[in-house]
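Asker: First the structure, then my questions, so here it is.
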Amino acid sequence: MSEPPVALSLSIRHGQATDRGLRRAVNEDSILATESLFAVADGMGGHEAGEIASSLCVQTLEAGYQLAGGVLAAEQIQSLVLEADQVVTQIAAGRGGTTLTGAAVVYEQNQAHWLIFNVGDSRTYRLSREGLEQVTVDHSEVQELVQRGQLEESLAAQHPRRHVITRALGMGSDNRADYWLLPVRSEERLLICSDGLSSELADPEIQQILTRLQDPQQAAEELIQAALRAGGRDNVSVIVADVHSGQNYDIDDTMPRQLIAVDEEESS
């Protein structure tokens, strides 16, 4: 695979942290953080099945990344997510599954973009001059109620079925991932996290920490500690990725967040 244009080379610094939380015996989350591919997988299933599922998922992504020499196209990311679903399904044999969310740098028309991907209720956020934006949309029963206008968004965090997800990898049901394409901008920050963070901290709390702490590793560690102070009821994993050089577009000239369609035959 060809290298990205030198003029578009990026400098991305990242920090990462994970904790099993205060109430879980095992950490079923898995993290992947490379120079240009970042992912968090939140496993589910008893008897360590979730831990195995999430680990298989990120191992599949990492193997594909290494095989491609660290430069992946959008179509390759989509293929790797499908491959991860197949690997988890085959090895976990229905006993475990995993959510997946993350971001990869891809090059479209000689410009660097983030390809954001998501299956389940782990989330990817973007912090920019405009504030904190949740890029991904949860695949959950509660989110579907919100989208249908049957539940106020302000009540979603307290809903008794807020943790029931509608899509996952390796569970033999709906495994479709959603993808978004965003232009990479200098001085922006991505947060990739399991729901152990977003279920404990409201978005304004997350934004305050991300804004206050400039070092990505310090920000990642403080997010974990804040989630633990708030209750730590689940495993919690975060990646904070900062763009320190790249395409410094004027915001009016950037392509807006774009949801990418995937071939139905590939995702079935």
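For the sequence shown, my numbering assigns the number -15 to the initial residue and increments by one for each residue that follows.
For each residue, glycine too, the CB sits at the ideal point set by N, CA and C.
Remember, predicted model here, so these are calculated numbers, not experimental data.
(1) Secondary structure at Ala203, three-state DSSP: helix, strand or coil?
(2) Less than 7 Å separating the beta-carbons of Val90 and Val168?
(3) Over what stretch of residues does the beta strand (DSSP E) that includes Asp122 continue unbroken?
(4) What runs of the beta strand (DSSP E), each 3 residues or longer, lie entirely inside the segment 149 to 196?
(5) Less than 7 Å separating the beta-carbons of Ile193 and Ile223?
(6) For my contact list, Ala88 and Leu21 are in at a C-beta cut-off of 8 Å; report their separation, rounded to the angstrom.
(7) To the nearest angstrom, how far is the alpha carbon of Gly81 from that of Leu40?
(8) Where does Asp13 land, buried or exposed, given buried means 16+ other C-beta within 10 angstroms?
(9) How would you write the range of the alpha helix (DSSP H) that Leu6 sits in, first residue to last?
(10) Just the Cα atoms here: how many angstroms apart are Gly53 and Thr18?
(11) Thr73: which of Ala96, Gly48, Ile36 sits nearest, CA to CA?
(12) Which residue from Ile100, Ser183, Glu189 puts its Cα closest to that of Leu116?
(13) Alpha helix (DSSP H) containing Thr73: first to last residue?
(14) Can you give me the C-alpha to C-alpha distance between Asp199 and Arg173, rounded to a whole angstrom?
(15) Taking 7 Å as the cut-off, decide whether the C-beta atoms of Val148 and Glu125 are in contact.
(16) Between the C-alpha atoms of Leu84 and Gln70, what's the straight-line distance to the nearest angstrom?
Answerer: With the given structure in hand:
(1) For this step, residue 203 is matched to residue 219 along the sequence shown. Ala203 sits in a helix when the DSSP states are folded into three classes.
(2) For this step, residue 90 is matched to residue 106 along the sequence shown. For this step, residue 168 is matched to residue 184 along the sequence shown. In this structure, Val90 sits away from Val168, with a CB-CB distance that is not shorter than 7 Å.
(3) Against the sequence shown, residue 122 aligns to sequence position 138. Taken as a continuous stretch (DSSP letters only), Asp122 belongs to no beta strand (DSSP E), as it is neither H nor E.
(4) 162 to 167, 173 to 177
(5) Locating residue 193 in the sequence shown gives position 209, counting from the first residue. Locating residue 223 in the sequence shown gives position 239, counting from the first residue. No; because the gap between Cβ atoms is not below 7 Å, this pair is not in contact.
(6) Counting from one through the sequence shown, the residue named residue 88 turns up at place 104. Counting from one through the sequence shown, the residue named residue 21 turns up at place 37. Going by Cβ atoms, the distance from Ala88 to Leu21 rounds to 5 Å, so yes, they are a contact pair.
(7) On the sequence shown, position 97 is the one that residue 81 refers to. On the sequence shown, position 56 is the one that residue 40 refers to. C-alpha separation (whole angstroms): 10 Å.
(8) Position 29 of the sequence shown, counted from the start, is the residue given in the question as residue 13. By the neighbour-count rule (16 or more Cβ atoms within 10 Å), Asp13 is buried.
(9) Position 22 of the sequence shown, counted from the first residue, corresponds to residue 6. No alpha helix (DSSP H) holds Leu6; DSSP gives it neither H nor E.
(10) As a first step, residue 53 must be located in the sequence shown, where it is residue number 69. As a first step, residue 18 must be located in the sequence shown, where it is residue number 34. Looking at the two C-alpha atoms, the distance is approximately 12 Å.
(11) Stepping through the sequence shown from its first residue, residue 73 is reached at position 89. Of the listed residues, the one whose Cα sits closest to Thr73 is Ile36.
(12) Counting from 1 along the sequence shown, the entry for residue 116 is found at position 132. Per the Cα distances, Glu189.
(13) Here residue 73 corresponds to residue number 89 of the sequence shown, with the count starting at 1. Segment 58 to 76, the alpha helix (DSSP H) holding Thr73.
(14) Working through the sequence shown from its first residue, we reach residue 199 at position 215. Working through the sequence shown from its first residue, we reach residue 173 at position 189. Between Asp199 and Arg173, the C-alpha separation is close to 11 Å.
(15) Counting from one through the sequence shown, the residue named residue 148 turns up at place 164. Counting from one through the sequence shown, the residue named residue 125 turns up at place 141. Yes, the pair counts as a contact, with Cβ atoms nearer than the cut-off.
(16) Here residue 84 is taken as the residue at index 100 of the sequence shown, counted from 1. Here residue 70 is taken as the residue at index 86 of the sequence shown, counted from 1. Using only the alpha carbons, I get a separation of about 14 Å.
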